[in-house]
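Engineer: Counting in the UniProt record's numbering, the final residue of the sequence shown is number 114, and the numbers go up one at a time with none missing.
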Amino acid sequence: LQSFHEKNIGRLAEHSELARTALAKMGISCVPSDAAFYLYCDFREYLTERSFTAEYALFRKLCAEGVYLSPGKFFADPEPGWMRLVFSLDKQQLVEALSRIEKALQKIGKHPTK
1 LQSFHEKNIG RLAEHSELAR TALAKMGISC VPSDAAFYLY CDFREYLTER
51 SFTAEYALFR KLCAEGVYLS PGKFFADPEP GWMRLVFSLD KQQLVEALSR
101 IEKALQKIGK HPTK
């Protein structure tokens, strides 16, 4: 059991770092976390306006590109534009997800919002 926990913790740390690095290259910042299986990421620059309606529209666009990131509103976040990315999946799946996120964001484009 100890061996399983050590491997699991190591794998989660590796996947967290992989996701953080890839997202940083895309210009997406995340809230630092050491005890979770997800990252809370700032996608506010991709909202057409600062509203939960725009957040949901971004969520739907990402879904259409094969990416599921949970909108912050699902977790009672008071500020639109934050999304949860779970990294506790197979490494190959995570790499594919990050690639899809990058392609989707390039397609969606940033929006200057007030």
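Ideal placement from N, C-alpha and C gives every residue a C-beta, glycine not left out.
1) Less than 8 Å separating the beta-carbons of residue 100 and residue 38?
2) Of all the options 14, 4 and 6, which has the alpha carbon lying nearest to the alpha carbon of residue 87?
3) Work out the CA separation of residue 1 and residue 22 for me, nearest whole Å.
4) Would you mind working out which of 81, 97 and 110 sits nearest residue 30, comparing C-alpha positions?
5) Tell me which residues share the same chain as residue 46 and place their Cβ nearer than 8 Å to its Cβ, disregarding the 5 neighbours each side in the sequence.
6) Determine the closest residue to residue 72 out of 49, 43 and 96, with distance taken between C-alpha atoms.
7) Could you give the DSSP three-state label for residue 38: helix, strand or coil?
Structural biologist: In brief:
1) With a cutoff of 8 Å on beta-carbon distance, residue 100 and residue 38 are scored as not near each other.
2) When each option's Cα is compared against that of residue 87, the closest is 14.
3) Taking the straight line joining both Cα atoms gives about 32 Å.
4) Comparing Cα positions, the closest option is 81.
5) The residues 58, 81, 105, 108, 109, 110 and 111, in chain order, have a CB closer than 8 Å to that of residue 46 in the same chain once the five nearest residues on each side in sequence are set aside.
6) Measuring from the Cα of residue 72, the nearest candidate turns out to be 43.
7) It is a strand residue.
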